[in-house]
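Worksheet: the structure to be examined is printed underneath.
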Amino acid sequence: MAAAVMSLGAMAQQALWGAPQIVSPEVNPDKTVTFRLVAPNASEVKVTGDFLPTEKIKTPFGEFDGPGSASLTKNDKGVWEFTSDVLAPELYSYSFIVDGFKTADPSNVFQIRDTASITNVFLIDGDPNYADLYKINDVPHGTVAKVWYNSPGLGMDRRLTVYTPAGYETSGKDYPVFYLLHGMGGDENAWSELGRAAQILDNLIAQGKAEPMIVVMTNGNAALQAAPGESSLGFKAPTTQLPKTMDGSFEAAFPDVVKFVDSTYRTKKDKAHRAIAGLSMGGFHSMHISKQYPDMFDYVGLFSAAIMPREDATADVYNDLEGKLATQFAKAPKLYWIAIGDKDFLYQANTEYRKLLDDKGYKYTYRESPDGHIWKNWRIYLSEFVPMLFK
51 MAAAVMSLGA MAQQALWGAP QIVSPEVNPD KTVTFRLVAP NASEVKVTGD
101 FLPTEKIKTP FGEFDGPGSA SLTKNDKGVW EFTSDVLAPE LYSYSFIVDG
151 FKTADPSNVF QIRDTASITN VFLIDGDPNY ADLYKINDVP HGTVAKVWYN
201 SPGLGMDRRL TVYTPAGYET SGKDYPVFYL LHGMGGDENA WSELGRAAQI
251 LDNLIAQGKA EPMIVVMTNG NAALQAAPGE SSLGFKAPTT QLPKTMDGSF
301 EAAFPDVVKF VDSTYRTKKD KAHRAIAGLS MGGFHSMHIS KQYPDMFDYV
351 GLFSAAIMPR EDATADVYND LEGKLATQFA KAPKLYWIAI GDKDFLYQAN
401 TEYRKLLDDK GYKYTYRESP DGHIWKNWRI YLSEFVPMLF K
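With our numbering applied, the sequence shown corresponds to residues 51 to 441, in that order.
This is how it looks when you write it as structure tokens:
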């Protein structure tokens, strides 16, 4: 009997016996980071990640700057090792490349998915304005929920990620709402997982730098119910090549989201207490939604935004750009914020859009940062945008 019980216990906890025997990554006191991999039979091991100098990468959309790589050195025990330069505070991602095969670090269980790519992550702290906001600090915490709503405009039930601030459940108060949209290939999980949105909101609210607010993170892929693997489609592989992403469907149906949120949560139901912002495709959606419904949002943020629709996009939401912008800006939004990296492939499109706004005399705030089309920038933009809302 004792043997049988021990056997059952071993089966129930079999995952316990696969724990790695080395530390990787190891964040050193001087803020260098050491990576290790046990691979005695490998001929070459490299690490690639956004903590390294960029390299040119060829993609179907052209040549862009991408994560660089560095070679690890093998010791006599078959352990490969590399120590980085001193790293600035930031949330970093990386992978190993073993004899040409890209793989995760088996010693690091902390991973994130971006579209169809899985990478490991680590955090270097020490910057109170940015990286320290991405940590889970000893402050009151909000609630992150996965919520389903019905969208008559899209003809299906769909899922949202909703952040409610600490104390929402018991305060009895009404709150402003910030709608936060992802980029192409993302979904309603992107901002909470890659963007650290909940941590940023928790920390800024606790510091008194941001108003307590509800944050609604949508799925901008109008043909899908929810994130890959979390809908009736089952374990269908994620991809950026999705129908109905930038054809006007999502923008036209956006009032369904606002109606659901206002009827489900304790919200302040007016333009002065609503904000919308997004990255890349989400910035494109934010721009076109906010001008299509000029009485809906007083705060608009375009983070590395795509601007103009595709040539084959004929939806009404994209018609009469200048006329709709004239109506929107005549109603004087309290904040229209444009931010982009100086190496972003959408930089020129944003420059041309800003010239249009300048020529018309429309007031906006511009933020230019280093680097390109990357999550580092979008976390920074979110950290700067949130404190400006609902003041």
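Ideal Cβ positions, reconstructed from N, Cα and C, are used throughout, including at glycine.
| Query | Result |
| --- | --- |
| Straight-line CA distance for Lys-441 to Phe-310? | 25 Å |
| In this structure, what does DSSP give as the bridge partners for Trp-198? | Arg-209 |
| Starting from the Cα of Ser-93, find the closest Cα among Phe-151, Gly-328, Gly-222 and give me that residue. | Phe-151 |
| Taking the C-alpha atoms as reference points, what is the distance between Asn-239 and Met-267? | 8 Å |
| Since Val-148 sits in a beta bridge, which residues does DSSP pair it with? | Val-95, Phe-151 |
| Whose CA, out of Gly-235, Gly-176, Trp-130, lies closest to the CA of Ala-287? | Gly-235 |
| Which same chain residues, not among the five before or five after Ser-340, have their C-beta less than 8 Å away from its C-beta? | Ile-326, Met-346, Phe-347, Val-350, Gln-378, Pro-383 |
| In angstroms with no decimal places, state the Cα-to-Cα distance between Lys-81 and Phe-132. | 14 Å |
| Could you name the residues of the same chain whose beta carbon sits closer than 7 Å to that of Val-136, not counting the 5 residues immediately before and after it, in chain order? | Asp-80, Lys-81, Thr-82 |
| Within the continuous alpha helix (DSSP H) that includes Ser-299, where are the two ends? | 299–302 |
| Note down the Cα distance separating Leu-58 from Lys-196, rounded to an integer number of angstroms. | For Leu-58, the pLDDT reaches just 45, beneath the cut-off of 50, and the residue's location in the model is therefore unreliable, leaving the point undetermined. |
| Can you give me the start and stop residues for the alpha helix (DSSP H) that Phe-85 sits inside? | Note, Phe-85: premise wrong, no alpha helix (DSSP H); beta strand (DSSP E) at 83–88. |
| Express the C-alpha separation of Glu-280 and Pro-178 in angstroms, rounding to a whole number. | 35 Å |
| State the Cα-Cα distance for the pair Ile-357 and Gly-270, rounded to the nearest angstrom. | 16 Å |
| Are the CB atoms of Gly-99 and Tyr-142 nearer to each other than 8 Å? | yes |
| In the segment 160–194, which residue ranges form an unbroken alpha helix (DSSP H) of at least 4 residues, counting only runs that do not cross its ends? | none |
| Give the C-beta separation of Gly-391 and Ser-419 to the nearest angstrom, bearing in mind that I take them to be a contact with Cβ-Cβ under 8 Å. | 5 Å |
| Name, in chain order, the residues that DSSP records as bridge partners for Ser-143. | Val-171 |
| Rounded to a whole number of angstroms, what is the C-alpha to C-alpha distance between Lys-405 and Leu-251? | 33 Å |
| Go ahead and label Tyr-343 buried or exposed: buried means 16 or more other beta carbons lie within 10 angstroms of its beta carbon, across all protein chains shown. | buried |
| Check each candidate in Asp-182, Thr-153, Tyr-180 and name the one with the smallest Cα separation from Thr-169. | Thr-153 |
| Just the C-alpha distance for Val-88 and Phe-160, rounded to the nearest angstrom, thanks. | 18 Å |
| If you check the beta carbons only, do Asn-400 and Ala-363 fall under 8 Å apart? | no |
| Compute the Euclidean distance between the alpha carbons of Gly-333 and Tyr-416, then round it to the nearest angstrom. | 14 Å |
| Which term fits Leu-352, buried or exposed, when burial requires 16 or more other beta carbons within 10 angstroms of its beta carbon? | buried |
| What does Val-136 pair with, by DSSP beta-bridge criteria? | Bridge partners of Val-136: none, in fact. |
| Please state the DSSP three-state secondary structure of Met-56. | Residue confidence is low: Met-56 scores 48 on pLDDT, short of 50, so the model does not pin down where it sits. Its coordinate-derived value is still stated next. DSSP places Met-56 in helix when its eight states are reduced to three. |
| Just to confirm my understanding: we take Gly-422, look at its own chain, exclude 5 residues before and 5 after, and list those with CB closer than 6 Å. What are they? | Asp-115, Gly-391, Lys-393, Asp-394 |
| Tell me the residue span of the beta strand (DSSP E) that contains Thr-415. | 415–419 |
| Can Met-296 and Arg-360 be called in contact, C-beta distance under 8 Å? | yes |
| Confirm, please, whether the CB-CB distance from Lys-185 to Pro-437 is below 8 Å. | no |
| Evaluate Asp-155 with the Cβ neighbour count: other Cβ atoms within 10 Å of its Cβ, from every protein chain shown; 16 or more gives buried, anything less gives exposed. | buried |
| Hey, Met-227 and Ile-255: beta-carbon distance below 8 Å or not? | It is worth fixing the name first, because residue 227 is Val in this sequence and not Met. No. Outside cutoff. |
| Just to confirm, is the Cβ distance from Leu-225 to Val-194 under 8 Å? | Leu is not the amino acid found at residue 225; the sequence shown has Tyr there. Not closer than 8 Å, so no. |
| With 16 other CB atoms within 10 Å as the buried threshold, where does Glu-140 fall? | buried |
| Tyr-387 to Lys-127, Cα distance in whole Å? | Strictly speaking, residue 387 in this sequence is Trp, with Tyr absent from that position. So the alpha carbons of these two residues sit roughly 54 Å apart. |
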